[in-house]
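Undergrad:
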Amino acid sequence: MGVLTGVVLSLALLLGTCLCTDIVYRVPEEQSGGMFIGNVALDSNLHLNLSDSDYRTLRYSVLSSSTDNAHQYFTINQTTGNLYTASLLDREDICPYTDQCKLDIEITAKSAITSYFKKLILLVYIDDVNDNYPIFDRDSQTISIPESVLPGTSYTLDGAKDADRSANYGIHNYTLYPQDLPFSVSFVKNLDGTSVVRIIVDGALDRELRERYALTLVAKDGGVPAKTADLAVHVHVTDVNDNAPMLSRTTYNFTVQEDIPVGSTILTLYATDLDSGRNGEVRYRLSPHQTEEIKNLFFINATSGELILINPLTYVRGSSYKIIVEVGDRGQQPMTTQTYVIITVLDSSNNPPEIVLGLLTNGVARISEYAPFGTTVAHVAVLDQDSGHNGIVMCSLDSTIFELQVLDVNEYRVLVSQALDREQVARHSITVTCQDSGTPMLVSNANFFVDVLDVNDNPPIFLMQTYSASVKENNKVGKEILQVSATDYDEGQNAEVKYRLLHSNDTVIQVDTYTGMIRANAVFDRERMSSFMFKVLAIDGGSPPKSGTATVSVTVEDVNDEKPQFLENLFIFKRKENRQAGTIVGRLMAMDDDEGDSGRVVFSLAEESPIFSTLPFVVYSDGIIKTTSELDRERKKFYDFKVMASDLGRPTLSSTANVKIFIEDENDNSPNIIFPSYTNNTIVISVGTPPGSVVGTVRAQDPDEGLNGEVSYSFDGDNQTSYFRMFSETGDVILQKSVELFAGSVFSLNIIATDQGDPPRRSRQTLKIIIGTSVGANENINIIIVVSLVGVTLVLSTGIILVICIIRRIDTNKDRSRKPTSDPVMANGLAGVPNNTYGTLNKPVAEVISELERKRKEVTFAFSPDQQIPTDETYYEEKGHRPIGKQSSYGEHVSQAFLKLQDDNHSETSGETNTSDSGRGLSDDEVHGSRVGSYSKGRVVPKTKPNMEVNIYQNQHTFFPEGREPISPIQLPRFTAYPPYAPNNGRYQGETGSSYAVHRPLQTFHFGTKTSSLEDDSGSTSGIHTMDEDFTAHLKDSVI
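The sequence shown maps to residues 1 to 1040 in the UniProt record's numbering.
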């Protein structure tokens, strides 16, 4: 253990300070790496608790720590347990700014064979050595000390620093050299190792004796030998004004002649001051505490000390001039010295009379402006040192207001001889002239003033009788408006003017009593009060007081505080459609109570309104609204937008209003005939259809509104037939006579749809009615057809839905409607059926049927994705004729007998639903009109067979999200059988034993506005179901 010199070992069991430490070591700093510290195994007594064999299996290691780096400074032999330093230990680097440096190390001892494991806690103290010198932050320091400093006063210096922080090697003391000067040093050591050093003044300093000192401050540490550092200290003693100026003599005596010229230098004084700077600069002056005569006769130059005569001297027997001259320096607290200069005047000439004035105060006489004539103003006495004629004196006065009256020899008084008016002349200057009778005569003059005392004989007078001012509205209370001012030619209290309002109007304004400043006493609103006037009274302080008045006119200036107000919150305008761009729609009206630009209103679209590119209107700044394009009511019936009214004030204020423009209709659209159309213009009826039956319904729509959109129907005047009649309001085509004689014939009827506009517009179309050949057939065939069609419909509906979804997307951009063509034979039409202008037979029905059998026909199905038209039946009257049954509207309660042909191969065609071009089925043209169908459920019960009821609508097929179904040829509404028209009473009469009864459908087929997805699908198969059609078989009694 001899190599452990300087290492102290103590066990934790012997320490009461820390129960958690197993071993404590002390190591001096600056030891190189590899220095042996101790054996951990022996020092911790591990061998006492283990057998020798287990003890020899122990392996030792230093644990790393994430909180500090203490482990990196040490290493351990894992077999022997010897602890060594890993590198050079520098206490100042490892533990800076600490007085004690200690490191915690964890050592593990574990057996290489058994499960024994133990962690040992080591505390290593690194002891300081004196390896650092004290250091000052700078080489020298200068301090300034005034010479008036009191002994014991201290001044702080920057202390030295020593990196060695231990008590042994830190800074121990400071010494000041040389030590024979009136200075000493003291210091206080801080907790952070620094120190506060103070240099102490031990004795009195006198700058006039010594101005600078050079000292050396030495810092020493506690080492042996001590390490030191030096600081040069320069002390500058600053001056204090502690010396008064000194003159060469305490009294100066000089004699001069009486006639010495003015401006002559009588003598020059010289003074010195031992202080420096401004404290040593001297200045000369005459003491202010001496007679005015001295001040009037003599002057001394402040810097040179020359005493100069500034007025002539007068010889006075036995007297002299005693002048006090004062010399001072320019310190902050100046010091002065005084001396006497005695001037004796020698007589060298005769003396003029001397005038002495009495009853004066400081050379001024005072008298009231109302003083009566003869009032004494002043007393005049004349003195003359001469004798004989030289001593005889005569005096006079140079004034017309006052006169001089003799009282005695060389004695006079001054009297009032004229009326006085202080407002004209407030002060009179009087000169008394006296001359003796000598040769030559000597003259003397004396001047004094007569002040006329005021009497309150003048009222206050305003500078202006009428004042004008302006103030902005919304002012603050107390805002200064203007200041009135009145003057009073009197003086003193008589001229003290106070102001007040003539009539109490202090709720609006207030006036300052003393200054005349007029201030607002309320917040003005120009829109309520644009100007006002009031009177101000000025009263003086005389007794009794006098007063004057002035008128003040105040204009309230406008501030942009009022928003423009629209006359209406909602402006409603109406304008006809189809007017050219630039048409005036109307004019906006708004008011702004402000004035000027703040009251000027401009109009514009509000920010939240549609932009100009989408709104067919422009709002001009004057409020006029004009169109920017032609308006189409059918596209949009009205427009809503916001407008804004803004003023031109700063800042701009605005408000908004709503504008609603209704587009009035013009009759610019002709009725669009939906049925019949060029592609679907045929109705097939049974030869046995009873008169009074509705065989079909003509349908047209007109997008105009009101009368312009009301459509009436009629046959062409040149195309009348007695077999068919049309109701103008409903478009129902009614069979009036039996057509049994026209089996197989075709009636061609020209239809006219006319609106009620002025002038009216009309459209034309041709309707073909085919008369079947026979009535009889097997009833059971109807049931078979129904079942077959239902099955086919269910299968095909699924395919139709998929096709429609694809096609509708393709067809969205096509035209909404197609123009009629002149080709009478179109898709879904009956080929080879020529027009019959007058309803006559053109071709046998057998030929027609034969041609139809050779063609594939298209059955059109349509449904409404958008809307349902009400199904209520309504009664109607036409020209005084009232039907017994109820009106069947197109797409609503259409009751149409299904026709039966002899040789139709048991295929059913309906007069209401056109399979091919017969009946009223929906072709592409109908689908592409402005209405689209939705279907309903219903049934018709033949009256002649009460036991037979075919209800084909019991099963509902929901192919669409809303539960709608596509229309099949058997899912069509039934007809209402009208009885023959009886011309004798103008009404329809029912026939006894009629084969048909009217049955209200449970649900009805409607037409509504078509969607864009159905536009122009005539060129595709959208919404089309194609099937082979024959006309060889129909159900009995035309009932499905």
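Here a beta-carbon is modelled for each residue, glycine too, at the ideal position from N, C-alpha and C.
Does DSSP put Asn243 in a helix, in a strand, or in coil?
TA: Three-state result, Asn243: coil.
Undergrad: Could you pull out every residue in the same chain whose Cβ sits closer than 6 angstroms to the Cβ of Phe136, ignoring the five residues on either side in sequence?
TA: Closer than 6 angstroms at Cβ, skipping near neighbours: Ala160, Ala229 and Leu231.
Undergrad: Apart from the five residues on each side of it in sequence, which residues of its chain come closer than 8 angstroms, Cβ to Cβ, to His289?
TA: Within the same chain, His289 has close Cβ partners Ile324.
Undergrad: Going by C-alpha to C-alpha distance, which of Lys637, Val601 and Ser598 sits closest to Pro616?
TA: Among Lys637, Val601 and Ser598, the Cα nearest to that of Pro616 belongs to Lys637.
Undergrad: On the three-state DSSP scale, how would you describe Asn750?
TA: Reduced to three states, the DSSP call for Asn750 is strand.
Undergrad: Helix, strand or coil for Ile260, going by three-state DSSP, please let me know.
TA: Ile260 falls in the coil class under three-state DSSP.
Undergrad: Buried or exposed: Gln510, going by 16 or more other Cβ atoms within 10 Å of its Cβ?
TA: Buried: at least 16 other Cβ atoms inside 10 Å.
Undergrad: So, with DSSP's three-state summary, where would you put Glu326?
TA: It is a strand residue.
Undergrad: To the nearest angstrom, how far is the alpha carbon of Val240 from that of Asn190?
TA: Approximately 35 angstroms between the Cα atoms of the pair.
Undergrad: What does a CB cutoff of less than 8 angstroms around Leu215 pick up in its chain, not counting 5 residues either side in sequence?
TA: Within the same chain, Leu215 has close Cβ partners Leu176, Tyr177, Pro178, Leu181, Phe183, Ile199, Ala232, Val233, His234 and Val235.
Undergrad: Note the first and the last residue of the continuous alpha helix (DSSP H) segment covering Lys737.
TA: Careful: Lys737 lies outside any alpha helix (DSSP H) and carries neither H nor E.
Undergrad: What are the complete alpha helix (DSSP H) segments, minimum 4 residues, inside the segment 57 to 129?
TA: Those alpha helix (DSSP H) runs which fall completely within the segment 57 to 129 and span 4+ residues are 91 to 94.
Undergrad: What residue does the alpha helix (DSSP H) around Ala41 start on, and which one ends it?
TA: Looking at the DSSP string, the run of the alpha helix (DSSP H) that includes Ala41 is Val40 to Asp43.
Undergrad: Relative to the C-alpha of Pro312, which candidate in Ala271, Gly263, Gly328 and Met517 has its C-alpha closest?
TA: Out of Ala271, Gly263, Gly328 and Met517, Gly263 has the C-alpha closest to the C-alpha of Pro312.
Undergrad: Residue range of the alpha helix (DSSP H) that Glu293 falls in?
TA: Per DSSP, Glu293 belongs to the alpha helix (DSSP H) from Glu292 to Leu297.
Undergrad: Using only CA atoms, which one of Asn658, Phe662, Thr303 and Phe462 lies nearest to Thr549?
TA: Nearest of Asn658, Phe662, Thr303 and Phe462 to Thr549, Cα basis: Phe462.
Undergrad: Going along the chain, which residues of its own chain have a beta-carbon closer than 8 angstroms to the beta-carbon of residue 1041, five neighbours each way excluded?
TA: Only positions 1 to 1040 of the chain appear in the structure, and residue 1041 is not among them; the question remains open.
Undergrad: Beta-carbon within less than 7 angstroms of Met464's beta-carbon, same chain only, minus the 5 sequence neighbours each way: which residues are those?
TA: Taken in chain order, the residues that qualify are Ala550.
Undergrad: Is it true that the CB of Ser399 sits closer than 9 angstroms to the CB of Ile367?
TA: Not closer than 9 angstroms, so no.
Undergrad: Please give the ranges of any alpha helix (DSSP H) in the segment 402 to 448, keeping only runs that are unbroken, at least 4 residues long and fully inside the region.
TA: DSSP runs (the alpha helix (DSSP H)) wholly in the segment 402 to 448: none.
Undergrad: In chain order, what residues of the same chain lie with their CB nearer than 6 angstroms to the CB of Arg1000, ignoring the 5 residues before and after it?
TA: Since pLDDT at Arg1000 reaches only 31, below the 50 mark, its modelled position is unreliable, and the value read off the structure follows with that caveat. Nothing listed; no residue qualifies.
Undergrad: What are the residues that DSSP puts in a beta bridge with Glu354?
TA: Per DSSP, Leu383.
Undergrad: Tell whether a beta-carbon distance below 9 angstroms holds between Asp162 and Pro134.
TA: A contact, by the Cβ cut-off of 9 angstroms.
Undergrad: Please classify Asp622: does DSSP put it in a helix, a strand, or coil?
TA: Note: Asp622 maps to coil in three-state DSSP.
Undergrad: Using the three-state DSSP reduction, which class does Asp1017 fall into: helix, strand or coil?
TA: Bear in mind that a pLDDT of 38 at Asp1017, under 50, signals an unreliable position, so the model cannot answer this.
Undergrad: Can you name, in chain order, every residue of its own chain whose Cβ lies under 6 angstroms from the Cβ of Thr656, other than the five neighbours on each side?
TA: If we look at Thr656 and ignore the five residues flanking it on each side, its Cβ neighbours are Ala606, Lys642 and Met644.
Undergrad: Please look up how many angstroms separate the CB atoms of Arg210 and Val188, rounded, as I've assumed it's under 8 angstroms.
TA: That belief does not hold up - the Cβ atoms of Arg210 and Val188 are roughly 29 angstroms apart, past 8 angstroms.
Undergrad: Checking 9 angstroms against the spacing of the C-beta atoms, do Val380 and Leu357 come in under that value?
TA: Yes, the Cβ-Cβ distance between Val380 and Leu357 is below 9 angstroms.
Undergrad: Measure the C-alpha to C-alpha separation of Ile625 and Gly586 and round it to an integer number of angstroms.
TA: If you take the alpha carbons of Ile625 and Gly586, they lie about 5 angstroms apart.
Undergrad: Could you give the residue range of the beta strand (DSSP E) that holds Ile769?
TA: Looking at the DSSP string, the run of the beta strand (DSSP E) that includes Ile769 is Arg762 to Ile771.
Undergrad: Looking at Asn296 and Tyr284, is the spacing between their C-beta atoms short of 9 angstroms?
TA: Not in contact: Tyr284 and Asn296 (Cβ atoms no closer than 9 angstroms).
Undergrad: Using the Cα positions of Thr268 and Asp275, report the straight-line distance between them to the nearest angstrom.
TA: Cα to Cα, Thr268 sits roughly 22 angstroms from Asp275.
Undergrad: Could you compute how far the alpha carbon of Asp139 sits from the alpha carbon of Tyr25?
TA: Roughly 41 angstroms between the two C-alpha positions.
Undergrad: Beta carbon of Thr336, beta carbon of Pro245: below 9 angstroms?
TA: Yes, these two residues count as a Cβ contact at 9 angstroms.
Undergrad: Between the C-alpha atoms of Arg207 and Ala219, what's the straight-line distance to the nearest angstrom?
TA: Approximately 29 angstroms, taken between the alpha carbons.
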